[in-house]
Amino acid sequence: MEKELPPPAPFVQRRRAKANSLLRVLSILSLVAVGAYVSLFTVHLRGNASLSSIPINANEILDKCRNLNVVPGPPRDFYSRSESDRFERGTKPVLIKNATIWTGEKVIKGGDVLLDRGIIKAIGSVDENDYDLGFVNKLNAHGAWLSPGIVDLHSHLGVDSAPALKGSDDTNSLKGITQPWLRSLDGLNTHDDAYRLSIAGGVTTAVVLPGSANSIGGQAFAIKLRPTSEKSPSSMLLEPPFSFNGSGIEPFDPPRWRLLKQACGENPSSVYSQTRMDNIWSFRKAYSTAQSIKQSQDDFCSSALSNSWSSIGGSSATFPDSLEWEALVDVLRGRVKIQNHCYEAVDLDGIIRLTNEFKFKIAAFHHAHETYLVPDLLKKMYGGEPPAVALFATNGRYKREAYRGSEFAPKVLAENGLNVVMKSDHPVLNSRYLLHEAQQAHYFGLEEELALKSVTVTPAKVMGMDHRIGYVKEGYDADLVLWDSHPLSLGATPKQVFIDGIPQLKSPHFISKPAKVQTPPKTPNWDREAKEAVEWDGSQPLGPRERFNTHTGREVVMFVNVESMYVKGQGRVLKVFGEEETNGKGVVLVEDGEAICKSVAGRECLQLVERFKQEQEVKIKVVDLDGGSLAPGLVSYGSDLGLSHIAMESSTSDGPAPDPLSANPPAILGDTVIRAVDGLVFESRNALLAYRAGVTSAITPPSSSGFLSGLSTVFSTGSSHALEQGAVLKPVTALHVGISMSGEKSVATQVGALRRIILSGLKEETQSEEGELGAVVRKVLDGTLPLIISVDSADIMASLIHLKKEVEGTLGTGREIKIVFDRAAEAHLVAEQIGQAGIGVILSPVRAFPSTWEQKRILPGPPLSQDTAITKLLKNNVTVALGTSHNWGWVARNARFDAGWTSLDSSGLISDAQALELVSTNLEKLLGVQEGGEGENTDWVATRGGSLLDFEAKVVGVVSSRRGVVDLF
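For what it's worth, UniProt numbering labels the leading residue of the sequence shown as 1, then goes sequentially.
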């Protein structure tokens with residue numbers, strides 16, 4: 001089903017044509033009425049007033065004054081419309097049959113939806129013969145879930161563009177601390193690569209915000225993401241409040257909602273070298289200016305409406321206005337939905353006080369990491385109705401403001417009666433996966449319907465557009481998504497996306513998903529953890545609730561009702577037993593961190609327990625997994641985990657390694673190779689949260705964006721310090737190099753430098769003395785130390801494949817160097833050559849995004865391509881593993897979901913066991929952590945209620961033979 005779009009009249013021309021027709025009618029009517037109008041003024045003139053004292057545009061002034069305080073909303077006849085104002089001529093009607101429809105309010109099973117002329121014409125049991133439609137495109141949903149289009153309340157799509165180029169960032173202006181006159185529309189790039197990708201994730205509408213460098217960054221605009229026939233930014237707008245010619249407000253009756261971006265706290269303070277006191281004062285000064293203008297307008301209109309023209313200038317009377325401050329005046333008149341970047345209680349309190357001082361409202365606080373700690377404060381906003389809260393699901397702890405953020409915030413806020421929105425802050429998070437934020441919020445306790453509403457109904461309401469988007473209702477815009485699984489299930493992917501009734505995916509690729517993801521996941525109970533997060537102000541202890549170890553006598557932990565179990569063996573993850581064998585009755589006994597008994601039916605292990613009971617000194621702890629699982633501990637790779645507590649606070653981090661290709665590397669270093677192990681920090685909240693999510697070890701290179709980073713290390717995420725047993729699993733794992741088109745030197749220079757380093761190592765093989773770098777390179781040359789190269793461009797990878805062949809040719813027959821490509825956004829383009837060269841690949845991030853030019857040719861995966869980068873590499877015999885984005889330590893905890901999602905996207909190519917390998921044994925293999933040898937992660941993770949790879953299971957324990965402990969959470 002493809003859209004058919006013959007060239008229609010441009011969007012703007014159609015609007016102007018309608019306006020011009022209306023003006024011609026009004027002109028004729030005004031000529032007829034002018035005599036009566038003048039007579040009316042003559043009767044009502046007061047004092048010394050005369051016709052000569054009335055301004056020529058008095059009618060316009062009076063109309064403006066009468067409507068100054070009219071509340072925005074849809075036109076009075078909106079729901080009687082027969083077509084959308086965004087309808088593209090030539091678009092054929094669409095009838096979706098037999099869908100499971102979530103309307104935004106209820107579920108309709110086996111329902112139909114008719115789309116025509118850009119709006120939803122009918123829902124339920126629809127017979128197209130009842131409508132005069134002509135040709136209709138029919139789509140049988142076969143029971144698939146159909147939802148409203150995803151709405152992103154916080155995006156920089158089109159102003160912070162992908163790929164990032166010098167001329168593509170229009171997010172922040174640094175011309176002033178308060179600039180309400182700026183408009184994101186004026187920087188909207190129609191060629192952003194992300195539009196297509198975000199649509200492929202089901203996003204149909206986004207609020208494009210200015211950045212947060214300013215207290216008031218400017219006016220925001222809601223856009224539809226589909227490409228229009230006019231191809232202009234203006235034609236993407238949804239109900240724009242502005243005329244396209246001039247800078248005034250169109251005389252809509254009622255007016256349309258406007259949107260404004262404000263920010264408080266660290267961002268505006270740091271950019272302008274100010275304090276929070278300066279930040280709040282800048283607001284008060286700006287609103288005081290607007291308040292004065294508003295008062296002058298009110299006084300002027302009071303005189304005009306009472307026909308006291310002489311008191312306001314007579315025939316020269318001019319409505320007092322300010323092009324710079326009119327947006328803030330509209331805020332004070334209640335006609336603007338303010339989206340306010342604000343994290344901490346101190347800043348939230350300042351803005352709430354501001355609303356009461358100047359009597360206006362905030363539509364939503366964004367980021368808002370501490371709102372769950374102060375819900376009653378938000379209820380003190382002017383007017384009594386608290387603002388909504390727009391959140392990330394798990395993204396936090398990257399700066400002080402975000403340090404107390406909690407994954408339980410959506411749950412806590414909802415329980416306190418506040419509206420919750422999940423947002424992307426695109427491109428901070430790729431908005432293609434905005435739905436995943438709602439899925440995670442649901443996993444951590446947000447009720448199912450509220451989670452779905454958090455990316456549909458609620459953001460539509462907060463932006464003032466819930467009269468036309470956010471629901472599947474008759475008369476609403478035809479923005480819909482047909483999903484391949486329940487929208488809250490892991491990896492839910494669109495089968496088709498409709499915007500304004502137009503299908504957006506040409507020949508979409510979709511995968512038949514298993515039955516278990518066709519219903520909403522039964523998520524764990526997090527009541528205790530959420531309560532503790534609030535009680536501890538977001539700083540609750542994250543260590544184990546119970547620890548069993550060899551230092552406190554003989555202790556045995558017995559896991560019962562185990563549905564499945566996986567073990568490591570020969571560099572693989574193997575399934576010991578599953579539901580088909582155990583029927584949920586498996587038993588596993590653990591002592592000293594080792595599994596001493598594994599029984600499918602439980603009999604053998606229970607007999608052993610009876611023998612233990614006769615030995616008085618044995619303490620037995622029973623843990624019911626309720627159909628859960630035991631699986632190998634997961635491994636994180638690539639982030640700053642273990643090198644930082646708060647990524648953006650230099651005083652809490654190891655800091656960046658110097659780049660030897662820079663102009664001034666420290667001379668004292670000589671040929672020293674930086675080792676991450678020397679800068680390790682333990683018990684960071686990111687590390688402990690990862691540990692509680694089943695990530696029991698992390699491989700971390702030195703922090704660097706330069707050419708030669710140094711040597712990575714592997715450590716236990718659950719350890720307290722480096723001297724603890726099993727804390728540092730392997731001090732040195734691999735040598736790390738980065739080669740990029742964004743580097744300080746040319747790509748040819750970087751490759752040349754790498755060639756020189758390696759070939760110099762060859763020369764030093766025959767020398768009795770060598771420096772530190774030489775010794776490291778010799779280990780690379782003899783194959784005992786992997787060389788990890790961070791690279792995205794397929795062209796650079798091709799050069800590196802040639803370099804590997806060149807070096808190995810010099811080494812002689814039988815000698816190979818072990819090279820791994822990290823990041824590897826374009827690796828799929830040379831997958832065959834990578835496989836032939838014996839090079840491994842660590843994809844980080846797992847789901848690529850074209851942030852830079854050298855990432856532009858990503859393989860997007862379903863529904864835009866059948867293969868993913870992972871499946872393409874696996875089909876070419878490449879050893880693949882999953883990493884995390886550099887310096888994103890908070891992502892490490894999501895390794896289990898990344899692996900599960902990868903399996904679901906693989907069309908059956910990747911089993912559950914193989915998915916676990918992607919985040920465990922494959923990483924260890926690629927980074928020189930050998931099976932059964934130094935540094936191997938020998939931990940187990942126990943989950944209750946499901947497997948480690950799904951949204952239904954909760955990690956309840958970690959078994960560590962290396963550390964000799966069993967930790968229970």
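Where a beta carbon is used, it is the ideal one built from N, C-alpha and C, also for glycine.
Looking at Val590 and Val557, is the spacing between their C-beta atoms short of 8 Å? Along the sequence shown, one-based indexing puts residue 557 at 557. Along the sequence shown, one-based indexing puts residue 590 at 590. The Cβ atoms of Val557 and Val590 lie closer than 8 Å to each other.
Going by C-alpha distance, which of Gly584, Gln439, Ala533, Ile646 is nearest residue 978? The requested residue 978 is not part of the displayed model; the chain covers only 1 to 969.
Would you list the one or two residues that DSSP bridges to Trp145? Working through the sequence shown from its first residue, we reach residue 145 at position 145. DSSP output for Trp145 lists Thr100 as bridge partner(s).
Using alpha carbons as the reference points, say which of Ser712, Ser709, Leu711, Leu729 lies closest to Gly718. Residue 718 sits at position 718 when you count from the first residue of the sequence shown. Among Ser712, Ser709, Leu711, Leu729, the Cα nearest to that of Gly718 belongs to Leu729.
With respect to the beta strand (DSSP E) encompassing Ala698, which residues constitute its N-terminal and C-terminal limits? In the sequence shown, counting from the first residue as 1, residue 698 sits at position 698. Per DSSP, Ala698 is one residue of the beta strand (DSSP E) stretching across 695-700.
Looking at the ligand FMN, does it come within less than 7 Å of Phe559, judged from the CB to the closest heavy atom? This structure lacks the ligand FMN; in fact it carries no ligand of any kind.
Do you know whose CA, among Phe392, Ala317, Gln262, lies nearest Val331's CA? Position 331 of the sequence shown, counted from the first residue, corresponds to residue 331. Of the candidates Phe392, Ala317, Gln262, the one whose C-alpha sits nearest the C-alpha of Val331 is Gln262.
Which residue from Asp671, Arg756, Lys805, Phe821 puts its Cα closest to that of Phe738? As a working note, residue 738 is residue 738 in the sequence shown. Checking the displayed sequence, the identity of residue 738 turns out to be Gly instead of Phe. Taking only the C-alpha atoms, the option nearest Gly738 is Phe821.
Per-residue DSSP class, three states only, for Lys818: As a first step, residue 818 must be located in the sequence shown, where it is residue number 818. DSSP, read as helix, strand or coil, puts Lys818 in coil.
Please decide whether Ser316 counts as near chain C, where near means a Cβ-Cβ distance under 8 Å. Chain labels in this structure do not include chain C; a single protein chain is all it has.
Pairing CB atoms from the stretch 333-346 with CB atoms from the stretch 63-76, are three or more of them under 8 Å? Flag = yes, the stretch 333-346 and the stretch 63-76 touch.
Roughly how many angstroms separate the alpha carbons of Tyr380 and Asn307, rounded to a whole number? Start at 1 with the first residue of the sequence shown, and residue 380 comes out as number 380. Start at 1 with the first residue of the sequence shown, and residue 307 comes out as number 307. The residue asked about is misnamed: residue 380 is Lys in this sequence, not Tyr. Answer to the nearest angstrom: the Cα atoms are 40 Å apart.
In chain order, what residues of the same chain lie with their CB nearer than 6 Å to the CB of Trp940, ignoring the 5 residues before and after it? Within the sequence shown, numbered from 1, the residue matching residue 940 stands at position 940. Leu630, Val959.
Validate contact between the stretch 861-875 and the stretch 736-753 using beta carbons, cut 8 Å, 3 pairs: Touching, no.
Span separating the alpha-carbon of Arg76 from that of Pro254: Taking the sequence shown and counting its residues from 1, the one referred to as residue 76 is at position 76. Taking the sequence shown and counting its residues from 1, the one referred to as residue 254 is at position 254. Rounded to whole angstroms, Arg76 to Pro254 spans 8 Å at the Cα level.
Boundaries (first-last residue) of the beta strand (DSSP E) holding Leu606: In the sequence shown, residue 606 corresponds to position 606, counting from 1. Segment 603-614 is the alpha helix (DSSP H) holding Leu606; no beta strand (DSSP E) there.
Can you give the Cα-Cα distance for Asn356 and Thr458, rounded to whole angstroms? As a working note, residue 356 is residue 356 in the sequence shown. As a working note, residue 458 is residue 458 in the sequence shown. Roughly 24 Å between the two C-alpha positions.
Just to confirm, is the Cβ distance from Phe221 to Leu185 under 8 Å? Walking along the sequence shown from the start, residue 221 turns up at place 221. Walking along the sequence shown from the start, residue 185 turns up at place 185. Contact check for Phe221 against Leu185 passes: the beta carbons are separated by less than 8 Å.
I want to know whether the stretch 636-652 touches the stretch 570-587 - three or more CB-CB distances under 8 Å. In this structure the stretch 636-652 does not touch the stretch 570-587; the number of beta carbon pairs closer than 8 Å is below three.
Buried or exposed: which applies to His142, given that a residue is buried once 16 or more other Cβ atoms fall within 10 Å of its Cβ? In the sequence shown, residue 142 corresponds to position 142, counting from 1. Burial check for His142: the Cβ neighbour count within 10 Å stays below 16, so the residue is exposed.
Ser198 lies in the alpha helix (DSSP H); which residues open and close that run? Counted from its first residue, the sequence shown places residue 198 at position 198. Per DSSP, Ser198 is one residue of the alpha helix (DSSP H) stretching across 194-199.
Under a Cβ-count criterion, where at least 16 other Cβ atoms within 10 Å of its own Cβ denotes burial, should Gln607 be classed as buried or exposed? By one-based count along the sequence shown, residue 607 stands at place 607. Gln607 comes out exposed.
Taking Glu449 as part of the alpha helix (DSSP H), name the residues at either end of that continuous run. If you number the sequence shown from 1, residue 449 lands on position 449. Bounds of the alpha helix (DSSP H) holding Glu449 are 448-453.
Residue ranges of each alpha helix (DSSP H) run of no fewer than 4 residues wholly in the stretch 554-589, ordered along the chain? 579-582, all fully within the stretch 554-589.
Does DSSP classify Thr416 as helix, strand or coil? Along the sequence shown, one-based indexing puts residue 416 at 416. Note that residue 416 is Asn in the sequence shown, not Thr. Coil.
State the start and end residues of the unbroken alpha helix (DSSP H) segment that holds Cys342. Your numbering for residue 342 matches position 342 in the sequence shown. Not the alpha helix (DSSP H): Cys342 falls in the beta strand (DSSP E), residues 336-342.
Taking all protein chains shown into account, decide if Lys613 is buried (16 or more other Cβ within 10 angstroms of its Cβ) or exposed. Here residue 613 corresponds to residue number 613 of the sequence shown, with the count starting at 1. Lys613 comes out exposed.
Is Lys92 helix, strand or coil by DSSP? The residue given as residue 92 occupies position 92 in the sequence shown. Note: Lys92 maps to coil in three-state DSSP.
Close-in-space but distant-in-sequence residues of the same chain around Leu949 (CB under 7 Å, 5 per side omitted): Start at 1 with the first residue of the sequence shown, and residue 949 comes out as number 949. Close CB contacts of Leu949 within its chain, under the 7 Å cut and outside five residues either way in sequence, are with Arg896, Ala899, Gly900, Ser903, Asp912, Ala915 (chain order).
Looking only at its own chain, which residues have a Cβ that is under 8 Å from the Cβ of Asn245, when we skip the five neighbours before and after it? In the sequence shown, the residue the question calls residue 245 occupies position 245. Note that Asn245 has pLDDT 48, beneath the 50 cutoff, so the model's placement of it is unreliable and the number below is only indicative. Hits under 8 Å: none found.
Below 8 Å on the Cβ atoms is my guess for Ser851 versus Pro163; work out the distance and round it to an integer in Å. Position 851 of the sequence shown, counting from 1, holds the residue named residue 851. Position 163 of the sequence shown, counting from 1, holds the residue named residue 163. About 6 Å; that satisfies the 8 Å criterion.
Ordered along the chain, which non-local residues of its own chain (more than five positions away) have a Cβ less than 8 Å from that of Thr879? Locating residue 879 in the sequence shown gives position 879, counting from the first residue. Gly840, Val841, Asn922, Lys925, Leu926, listed in sequence order.
Residues in its own chain within less than 8 Å of Val609 by CB, not counting five upstream and five downstream? Position 609 of the sequence shown, counting from 1, holds the residue named residue 609. Contacts found: Val556, Met558, Leu589, Ile620.
Beta carbon of Gly265 nearer than 8 Å to that of Leu373: Taking the sequence shown and counting its residues from 1, the one referred to as residue 265 is at position 265. Taking the sequence shown and counting its residues from 1, the one referred to as residue 373 is at position 373. For the pair Gly265 and Leu373, the CB atoms are not nearer than the 8 Å cut-off.
Ordered list of alpha helix (DSSP H) runs contained in the stretch 734-798, each at least 4 residues: Runs of the alpha helix (DSSP H) inside the stretch 734-798: 747-764, 772-781.
As assigned by DSSP and simplified to three states, the class of Ser961: Reading the sequence shown from its first residue, position 961 is the one you call residue 961. Ser961: coil per DSSP, three-state reduction.
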